[in-house]
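Protein chains in written order, with the working numbering: chain W, 1 to 20; chain Y, 1001 to 1253.
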């Protein structure tokens, strides 16, 4: 999980570049 | 082969799936076609091209890594909105994105590519291959431009591109998948929806061509990884300290 921290975060996040 | 596909899927379900994926694609495509058309006359001037060409290799690499990472964030969002993707186990979500996100960025490139001028939208304007000279990867850049040009020749509609992108992202033959069967089912459904849309658009003869492009996509992505490895061997600190964390997670691990 540590190895793909950012990907995990992006997958969990409800906000996205689309909403920003 | 279509031998393994489920025999039928109700037409309404295919339409529904196509609509959802098409909507997800449009919501996450980074640039609308209308926006791009308005900017299509904005090519880089010669002194701007010179300025890109005179950048140190590592600065240009960093700039491109940032741009690729931005595009990939939109692809991650696209994946999240594909029906069934978030129901896959987290390992498989990561495996599919690690293997497929750059492939989708390359597919999407045909939307931001001007075939007539052989330019691509990059850093605010349309850039020819010469803009990327400082990267020291002329062969890869040429191959990427050729791929974009060949994709443009297919004149895919947004819904066709959306379904093809989802089909690529849901490739069930990626290494390290834990629930391969589930991915396979999703990919098969997407393939059926793609065939359905192509038939509706009276373009069924193009399916084979598009599927053949999978090989070209994979080869471009592995060439990108090779170039990154070579670059990192010379500039390990630049990659470690200046490249976007997401880019490193995807390509440098």
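C-beta: ideal position from N, C-alpha, C; glycine also.
At least 3 beta-carbon pairs within less than 8 angstroms: the region 1086-1097 of chain Y vs the region 1139-1154 of chain Y: Touching, no, given that fewer than three Cβ pairs across the two stretches are closer than 8 angstroms.
Is the distance from the Cβ of residue 1021(Y) to the Cβ of residue 1107(Y) below 8 angstroms? The beta carbons of residue 1021(Y) and residue 1107(Y) sit no closer together than 8 angstroms.
When the Cα of residue 1149(Y) is compared with those of 1114(Y), 1183(Y), 1124(Y), 1123(Y), which residue comes out closest? Out of 1114(Y), 1183(Y), 1124(Y), 1123(Y), the CA that lies nearest to the CA of residue 1149(Y) is found in 1114(Y).
Alpha carbons only, please: which of 1097(Y), 1019(Y), 1110(Y) is nearest the one belonging to residue 1033(Y)? For residue 1033(Y), the closest alpha carbon among the candidates 1097(Y), 1019(Y), 1110(Y) is that of 1110(Y).
Comparing alpha-carbon positions, which option in 1202(Y), 1086(Y), 1196(Y) lies nearest residue 1010(Y)? Nearest option by C-alpha distance: 1196(Y).
Whether residue 1062(Y) touches residue 1243(Y) by CB criterion (8 angstroms): Contact: yes.
For the region 1160-1179 of chain Y against the region 1094-1103 of chain Y, are there 3 or more C-beta pairs whose distance is under 8 angstroms? Flag = yes, the region 1160-1179 of chain Y and the region 1094-1103 of chain Y touch.
Stretch-stretch touch, CB-based, cutoff 8 angstroms, three pairs: the region 1117-1136 of chain Y with the region 1030-1049 of chain Y: When C-beta atoms of the region 1117-1136 of chain Y are compared with those of the region 1030-1049 of chain Y, three or more pairs fall below 8 angstroms, so the two segments count as touching.
What is the DSSP secondary structure of residue 1055(Y), reduced to helix, strand or coil? Residue 1055(Y) falls in the coil class under three-state DSSP.
Grouping DSSP H, G and I as helix and E and B as strand, with all else coil, what is residue 1065(Y)? The answer is helix: DSSP assigns residue 1065(Y) an H, G or I state.
Length of the line joining the Cα atoms of residue 1252(Y) and residue 1229(Y): In a straight line, the C-alpha of residue 1252(Y) is about 8 angstroms away from that of residue 1229(Y).
For residue 1119(Y), three-class secondary structure by DSSP: Residue 1119(Y): strand per DSSP, three-state reduction.
Please list the partners that residue 1080(Y) has in chain W, where partner means a Cβ-to-Cβ separation under 7 angstroms. Near residue 1080(Y) (Cβ distances below 7 angstroms), the residues of chain W are 11.
Which residue from 1155(Y), 1225(Y), 1095(Y) puts its Cα closest to that of residue 1177(Y)? Scanning 1155(Y), 1225(Y), 1095(Y) for the CA closest to the CA of residue 1177(Y) turns up 1095(Y).
Cβ closer than 7 angstroms: which chain W residues qualify as neighbours of residue 1097(Y)? Those are 7, listed as they occur along chain W.
Secondary structure, beta strand (DSSP E): runs of 3+ residues fully inside the region 1109-1165 of chain Y: Whole beta strand (DSSP E) segments, 3+ residues: 1119-1122, 1125-1127.
Any idea if residue 1134(Y) is buried or exposed, counting beta-carbon neighbours within 10 angstroms, 16 or more meaning buried? The residue is buried, with at least 16 neighbouring Cβ atoms inside 10 Å.
Chain W residues whose Cβ lies nearer than 9 angstroms to that of residue 1249(Y): Taking a Cβ-Cβ cut-off of 9 angstroms, the neighbours of residue 1249(Y) in chain W comprise 3, 4, 5, 6, 7, given in sequence order.
Tell me which same chain residues have a C-beta within less than 7 angstroms of the C-beta of residue 1049(Y), skipping the five on either side of it? Contacts found: 1130, 1131.
Under the rule that 16 or more other beta-carbon atoms within 10 Å means buried, what is residue 1012(Y), buried or exposed? So residue 1012(Y) ends up on the exposed side.
Alpha-carbon to alpha-carbon, residue 6(W) and residue 13(W): In a straight line, the C-alpha of residue 13(W) is about 10 angstroms away from that of residue 6(W).
Rounded separation between residue 1232(Y) and residue 1027(Y) - CA only: A direct Cα-Cα distance of roughly 34 angstroms separates residue 1232(Y) from residue 1027(Y).
Could you tell me the alpha carbon to alpha carbon distance between residue 1067(Y) and residue 1073(Y), rounded to whole angstroms? So the alpha carbons of these two residues sit roughly 10 angstroms apart.
With a CB to CB cut of under 7 angstroms and the five nearest residues on each side skipped, what residues in its chain are close to residue 1182(Y)? Cβ contact annotation for residue 1182(Y) (same chain, cutoff 7 angstroms, sequence separation greater than five): 1088, in chain order.
Contact under 8 angstroms by Cβ, residue 1247(Y) with residue 1069(Y): In this structure, residue 1247(Y) places its C-beta atom within 8 angstroms of the C-beta atom of residue 1069(Y).
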